[in-house]
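Novice: First, the structure itself, so that you have it in front of you.
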Amino acid sequence: MIGRLKGILLTKQPPTLLLDVNGVGYEVDAPMSTFYQLPDINQEVILHTHLVVREDVQQLCGFATEAERSMFRSLIKINGVGPKLALSILSAISADDFARCIQNNDTTTLVRLPGVGKKTAERLVIEMRDKLKDWQTGLLEQGKAPAGMIEIEHKADPVEEAVSALIALGYKPPQASRMVTQIDSHDLSSEEIIRDALKASIIK
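For the sequence shown, my numbering begins at 1 and goes up steadily by one.
As C-alpha cells, this is what we get:
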C-alpha cells in the first residue's frame, strides 16, 4: 500500500497530477480541494495517498491532508460510491461541510453534488451518520489553502481546462459548460474557475 508520497510536482491538470519521486513518475488523482493547495510546478509536495486496486484498474488518489483521505476512505465504503464519485464529492464540498451535511441530514445540499441523486444522498446520511458523529470541524486547518490562490502554468485556455476538469469530475458536458459560462472567468486560472463554478452549483 502506498500511503504517502514526497516528490517534485511536474504537472497538474485537474483532476490528475504527476509527481516525480526519486525519478519515478506517479500519476495521482486528487480532489479540487487538494489542487487548491498545490505549490508551483517543479516544487516539492507531500501527499497522503490511497491506492485503489481492482481487477481492471489501479488508481492512486492523493490528498493534501490526512483528514481528506480519511473522509475519502469513509466514502468509498458506502455502497454505490466509488473512488471517482468520492473525489467528485470532495471537489465540490470540503470534508468539514460534508460532515455537517451528514450530521444535519441535509440531503438538499448533497443532491447538488456531482453524481449524487436523492437515493444516494439518503444512503450517505443513513450509512455515514454514525461514522461522522465525532467529526470535528477544523480538521483541515493544517492544510488550509493560502489566502491567495496559486496560479497554474497553463498552455491551454483556462476555460477549456475548467470544462474538461468538471466533466472528469462527473458533470455532463452541457452542464459543465453552463456552469463555467455563468462565472466571470476573466483573468482567472482554471482552478479558480472550477472553484467558483463548484461553489455556485452548491449554494444556488
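Ideal Cβ positions, reconstructed from N, Cα and C, are used throughout, including at glycine.
Computed from a predicted structure; not experimentally measured.
(1) Contact between the region 96 to 116 and the region 31 to 51: three or more CB pairs below 8 Å?
(2) Taking DSSP as the reference, what is the three-state secondary structure of GLU151?
(3) Which ranges does the beta strand (DSSP E) cover as unbroken runs of at least 3 residues, wholly within the region 50 to 84, from first to last along the chain?
(4) Quickly, what does DSSP pair GLY115 with across the bridge? List them, please.
(5) Which residues share a DSSP beta bridge with LYS12?
(6) Would PRO114 pass as a contact of TYR26 if the rule is Cβ separation under 7 Å?
(7) Within its chain, find whatever has a CB closer than 8 Å to the CB of THR11; leave out the 5 residues flanking it on each side and keep chain order.
(8) On the CB-based measure, 16 or more other CB atoms within 10 Å of its CB, does GLU191 come out buried or exposed?
(9) Alpha carbon to alpha carbon, what distance is there between GLY62 and PRO83?
Specialist: For this structure:
(1) no
(2) The count along the sequence shown starts at 1 and reaches residue 151 at position 151. At GLU151 the pLDDT is 34, less than 50, meaning the model places this residue with poor confidence and gives no usable figure here.
(3) 58 to 63
(4) Stepping through the sequence shown from its first residue, residue 115 is reached at position 115. Beta-bridge pairing links GLY115 to no other residue.
(5) Numbered from its first residue, the sequence shown carries residue 12 at position 12. According to DSSP, LYS12 bridges with LEU17.
(6) Locating residue 114 in the sequence shown gives position 114, counting from the first residue. Locating residue 26 in the sequence shown gives position 26, counting from the first residue. Contact: no.
(7) As a working note, residue 11 is residue 11 in the sequence shown. So the qualifying residues of the chain are LEU17, LEU18 and ILE41.
(8) The residue given as residue 191 occupies position 191 in the sequence shown. It counts as buried.
(9) Here residue 83 refers to the residue found at position 83 when the sequence shown is read from its first residue. Here residue 62 refers to the residue found at position 62 when the sequence shown is read from its first residue. The straight-line gap from Cα to Cα measures roughly 11 Å.
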